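Worksheet: one structure, shown below.
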Amino acid sequence: MQGQDKVLLPLGGVPLLIRTLRALDACPGIDEIIVVTREDQIVPISQLCQESGLSKIKCVVVGGATRAESVLRGIREVSPEMELIAIHDGARPLVSQQVLDCVLRKAQEHGAAAPAVPVKDTIKQAVDGVVERTPDRTRLFAVQTPQVFDHELILGALTKALDEGAELTDDCSAVERLGMKVCLTEGDYANLKVTTPEDLILAEALLDWRGNR
Numbered sequence: 001m002q003g004q005d006k007v008l009l010p011l012g013g014v015p016l017l018i019r020t021l022r023a024l025d026a027c028p029g030i031d032e033i034i035v036v037t038r039e040d041q042i043v044p045i046s047q048l049c050q051e052s053g054l055s056k057i058k059c060v061v062v063g064g065a066t067r068a069e070s071v072l073r074g075i076r077e078v079s080p081e082m083e084l085i086a087i088h089d090g091a092r093p094l095v096s097q098q099v100l101d102c103v104l105r106k107a108q109e110h111g112a113a114a115p116a117v118p119v120k121d122t123i124k125q126a127v128d129g130v131v132e133r134t135p136d137r138t139r140l141f142a143v144q145t146p147q148v149f150d151h152e153l154i155l156g157a158l159t160k161a162l163d164e165g166a167e168l169t170d171d172c173s174a175v176e177r178l179g180m181k182v183c184l185t186e187g188d189y190a191n192l193k194v195t196t197p198e199d200l201i202l203a204e205a206l207l208d209w210r211g212n213r
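Numbering-wise (the numbering used here), the sequence shown opens with residue 1 and increments by one.
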């Protein structure tokens, strides 16, 4: 994002992170929220959360060197009686209540679930710029967040992955390494992760389209 912290950028006049937290705070199935951030952002993020008026934010903690380490630090702050852990990207501010409800219910039933959308483009697998194969697009899905797991399952899976030095691209990967199945639920193309300036423009347009500024 050209050196800017994306979660602090305005989206419809509101910090992007607050848009994300509002969606989570409004979900009946979510009881508490732990925000994990970089050490250099702990003060502004904590202040922003305090001023947000949201009722479910429990605490703000400093993350680790990797995503897995950061998630584990967040999990360790979750109240032990919580049965499920939902791990969500702070930069996905347009997650809908329908997506949240669907993935929470599926995780309650099966222990691990994540929203996903069918891949629109043809995908090529290549090495050094040369195509090796074209996977069947009908079997490909772009996985989103929140990814939701049984509390003890994701805690054990991430701890094991870190102990073994595994490289994880998402939290589902930690569970998949144990041979556990992850169920996919219906995602939403609007549930985009804001990563580039173009994504922010698209998010603004989607916000206008939804009419929920």
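Ideal Cβ positions, reconstructed from N, Cα and C, are used throughout, including at glycine.
Quantities reported herein were computed from a predicted structural model and do not represent experimental measurements.
On the criterion of 16 or more Cβ atoms from any shown chain inside 10 Å, does Pro115 qualify as buried, or is it exposed?
Answer is buried; the Cβ neighbour count reaches 16.
Does the Cβ-Cβ distance between Phe149 and Leu184 come in under 9 Å?
no
Same chain only: Cβ atoms within 6 Å of Ile154, ignoring 5 sequence neighbours per side:
Ile85
Please confirm whether Ala26 and Leu94 have their CB atoms less than 9 Å apart.
no
Distance CB(Gly187)-CB(Val119) smaller than 9 Å
no
Between Glu176 and the rest of its own chain, which residues show a CB-CB distance below 7 Å, the 5 nearest in sequence each way excluded?
Val182
Lys106 classed as buried or exposed, judged by whether at least 16 other C-beta atoms fall within 10 angstroms:
buried
Where Ile45 falls, given that 16 or more other Cβ within 10 Å makes a residue buried
buried
Hey, is Glu132's beta-carbon within less than 9 Å of any beta-carbon in chain B?
The structure shown contains no chain B, having only a single protein chain.
Buried or exposed, going by whether 16 or more other CB atoms sit within 10 Å of the CB of Arg133?
exposed
Per DSSP, what are the beta-bridge partners of Thr185 in this structure?
Pro115
Could you tell me how far apart the beta carbons of Val60 and Val99 are, in whole angstroms, since I believe they sit closer than 8 Å?
Not quite, the Cβ-Cβ distance comes to about 24 Å (not below 8 Å), so this is no contact.
Within its chain, find whatever has a CB closer than 6 Å to the CB of Gly90; leave out the 5 residues flanking it on each side and keep chain order.
Val7, Leu17 and Thr20
Based on DSSP bridge pairs, tell me the residues matched to Thr37.
Val62
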